[in-house]
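Visitor: Residue numbering for the sequence shown follows the numbering used here, starting at 238 and increasing by one per position. Beta carbons: idealized from backbone N, C-alpha and C, even for Gly.
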Amino acid sequence: MRNFLSEKVTSLKPSGIRKFFDIVSEMKDAISLGVGEPDFDTPWHIRDEGIYSLERGRTFYTSNAGLKDLRKEIANYIERTQKISYNPDTEILVTVGGSEAIDIGLRAVINPNDEVIIPQPSYVSYEPCAILANAKPVIINLKAENEFRLKPEELLNAITPKTKVLILPYPNNPTGAIMEKEYLEAIAKIIIEKDILVMSDEIYSALTYKNSHVSIASIKGMKERTILINGFSKAYAMTGWRLGYACAPKEILSQMTKIHQFAIMCAPTTSQYAAISALKNGDADVETMRRAYNQRRRFLMNAFKEMGLECFEPYGAFYVFPCIKEFGMTSEEFATKLLMEEKVAVVPGTAFGDCGEGYLRISYAYSLENLKLAIERINRFIQKLRS
238 MRNFLSEKVT
248 SLKPSGIRKF
258 FDIVSEMKDA
268 ISLGVGEPDF
278 DTPWHIRDEG
288 IYSLERGRTF
298 YTSNAGLKDL
308 RKEIANYIER
318 TQKISYNPDT
328 EILVTVGGSE
338 AIDIGLRAVI
348 NPNDEVIIPQ
358 PSYVSYEPCA
368 ILANAKPVII
378 NLKAENEFRL
388 KPEELLNAIT
398 PKTKVLILPY
408 PNNPTGAIME
418 KEYLEAIAKI
428 IIEKDILVMS
438 DEIYSALTYK
448 NSHVSIASIK
458 GMKERTILIN
468 GFSKAYAMTG
478 WRLGYACAPK
488 EILSQMTKIH
498 QFAIMCAPTT
508 SQYAAISALK
518 NGDADVETMR
528 RAYNQRRRFL
538 MNAFKEMGLE
548 CFEPYGAFYV
558 FPCIKEFGMT
568 SEEFATKLLM
578 EEKVAVVPGT
588 AFGDCGEGYL
598 RISYAYSLEN
608 LKLAIERINR
618 FIQKLRS
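1) Ignore the nearest five residues each way along the sequence and tell me which others in K517's own chain have a CB closer than 7 Å to its CB.
2) Taking the runs of the alpha helix (DSSP H) that are 4 residues or longer, which of them lie wholly in the region 518-553?
3) Judging by CA-CA distance, which residue of E417, K401 and T400 is the nearest neighbour of P408?
4) Assuming E328 and P486 are in contact, meaning their beta carbons sit under 8 Å apart, how far apart are those beta carbons, in whole angstroms?
5) Measure the beta-carbon distance from I424 to L387 and round it to whole angstroms, keeping in mind my assumption that it falls under 8 Å.
6) From this set, V261, H282 and F558, which residue's C-alpha is nearest Y510's C-alpha?
7) What's the C-alpha gap between M459 and I428?
8) DSSP on M577, reduced to helix/strand/coil?
9) Mind checking which residues open and close the beta strand (DSSP E) that includes G468?
10) State buried or exposed for D432, treating a residue as buried only when at least 16 other CB atoms are found within 10 Å of its CB.
11) For the region 333-350 against the region 370-385, do three or more pairs of beta-carbon atoms, one drawn from each stretch, fall closer than 8 Å, so that the two count as touching?
12) In the DSSP assignment, find the unbroken alpha helix (DSSP H) run with S336 in it and report its ends.
13) Roughly how many angstroms lie between the CA atoms of R295 and R528, to the nearest whole one?
14) Using alpha carbons as the reference points, say which of S248, R284 and K250 lies closest to T507.
15) For N378, collect the residues of the same chain with a Cβ closer than 7 Å to its Cβ; drop the 5 residues on either side in sequence, then sort them by chain order.
16) State buried or exposed for N240, treating a residue as buried only when at least 16 other CB atoms are found within 10 Å of its CB.
17) May I ask whether a heavy atom of the ligand NAD can be found less than 6 Å away from the beta carbon of S508?
18) If V581 and R614 are in contact, beta carbons under 8 Å, what's the gap, nearest whole angstrom?
19) Tell whether a beta-carbon distance below 7 Å holds between C503 and T299.
20) Which residue wins for smallest C-alpha separation from A381, given the options R623, G595 and L610?
21) Tell me the residue span of the beta strand (DSSP E) that contains V246.
22) Would you report the Cα separation of H601 and L480, rounded to the nearest angstrom?
23) Measuring alpha carbon to alpha carbon, tell me which of S362, I561 and I354 ends up nearest T397.
24) Would you say L307 and V333 are within 7 Å of each other, going by their C-beta atoms?
25) Tell me the DSSP secondary structure of A483 in three-state form.
26) So, at 8 Å on beta carbons, what are the nonlocal neighbours of Q532 in its own chain, with the 5 sequence-adjacent residues on each side left out?
27) Between the alpha carbons of D278 and S514, how many angstroms are there, rounded?
28) Ignore the nearest five residues each way along the sequence and tell me which others in Y441's own chain have a CB closer than 6 Å to its CB.
29) Pull up the distance between the alpha-carbon of L242 and that of L249, whole angstroms please.
30) Assuming I339 and S362 are in contact, meaning their beta carbons sit under 8 Å apart, how far apart are those beta carbons, in whole angstroms?
31) Classify L500: buried if its beta carbon has 16 or more other beta carbons within 10 angstroms, exposed otherwise.
32) Taking the straight line between their C-alpha atoms, what separation do you get for V435 and S624?
33) Among A443, I489, K447 and E461, whose alpha-carbon lies nearest the alpha-carbon of A474?
34) Who are the Cβ neighbours of S322 in its own chain at under 7 Å, not counting the five residues just before and after it?
35) Compute the Euclidean distance between the alpha carbons of I496 and E364, then round it to the nearest angstrom.
36) Could you give the DSSP three-state label for P505: helix, strand or coil?
Structure, rendered in structure tokens:
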């Protein structure tokens with residue numbers, strides 16, 4: 238029998254995040270600090286709206302683009318937080334999580350062999366999605382000494398006549414790095430001069446701890462060349478509801494909607510009704526969770542300082558990215574040994590790109606109680622390595 242599998246698909250590496258957590262699920266007394274999932278329950282007013290939609294029998298398909306009322310609320314939210322105006326009829330698409338928006342956004346704009354610039358370390362889906370869209374990924378290795386920001390000269394050096402898209406992943410997963418307005422303006426100038434698109438993944442935009450998030454689409458001349466990705470999973474603790482959205486110029490958005498129409502039809506109806514309540518009434522919930530994450534962030538940074546573990550200070554998302562190069566082990570070796578000896582699961586930095594070697598991603602989307610216990614175990618493990 239012939240081999241029916243796609244060479245492109247079989248050549249993709251599986252996610253480097255899942256390996257450790259398949260082990261953890263069967264390990265007694267293990268603490269997992271790896272999955273980027275809030276430990277908060279979805280706020281009750283959001284759940285109530287979802288329940289009410291089911292009680293009312295709202296189990297039908299919505300329009301391909303999503304409920305009109307939800308698209309209006311998304312437009313209101315972006316206008317309120319970023320001062321960007323999007324037409325809910327032609328420039329907003331509701332998707333099955335932010336991940337679908339990334340996938341169809343790339344497929345809508347890529348021709349074979351177009352180049353997509355991907356700063357790393359970054360979210361595991363960007364590079365595979367670019368490959369599946371028939372693009373050539375061009376990787377920029379970000380540096381801790383630059384606070385994992387994308388520098389203008391790094392971008393310029395990566396651009397070629399074949400460059401079509403820059404993926405801008407801030408606030409960043411896994412590093413927690415942010416890009417403030419002055420840095421975005423320098424990047425925007427290059428984007429406009431070189432006439433390329435930006436896919437700005439802003440799923441953690443509500444979770445910043447230094448200054449309020451600024452979208453690159455808010456900078457003059459950038460809205461018309463930006464695909465803005467966001468969603469409800471992180472800020473509203475709605476991971477399992479699987480709901481995201483994309484905002485883009487109507488010419489791009491219409492093609493994204495076409496792919497969404499054929500592949501998905503529409504995002505889950507119950508989730509869409511719940512998301513309306515999230516946007517209308519959820520600001521206080523987000524602020525409560527943001528304050529809790531910030532407390533945990535400060536706790537981890539202080540703990541690393543006390544144990545002498547080098548770690549750049551993150552100001553976004555809910556991850557820290559400590560450096561473990563001093564121990565002469567690969568990230569995978571360190572993470573495996575930590576899991577087996579101390580029953581603490583973290584993610585090797587290499588899961589987010591080769592330049593993540595020598596780092597670990599630790600999520601603080603977990604209770605302070607669990608974080609304190611995990612830190613005790615990590616400290617014990619490190620002291621043994623140093624002795």
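Guide: Reading it off the structure:
1) E310
2) 520-544
3) E417
4) 7 Å
5) 6 Å
6) H282
7) 8 Å
8) helix
9) T463 to G468
10) exposed
11) yes
12) G334 to V346
13) 35 Å
14) R284
15) Q357 and C592
16) exposed
17) You won't find the ligand NAD in this model; it holds no ligand whatsoever.
18) 5 Å
19) yes
20) G595
21) Premise fails: V246 lies in the alpha helix (DSSP H), E244 to T247, not in any beta strand (DSSP E).
22) The question names His, but residue 601 is Tyr in the sequence shown. For Y601 and L480, the distance between alpha carbons rounds to 22 Å.
23) I354
24) no
25) strand
26) L605
27) 15 Å
28) P408, K471, G553 and A554
29) 12 Å
30) 6 Å
31) Per the sequence shown, the amino acid found at residue 500 is Ala instead of Leu. Exposed, by the Cβ-count rule.
32) 48 Å
33) A443
34) E316
35) 19 Å
36) coil
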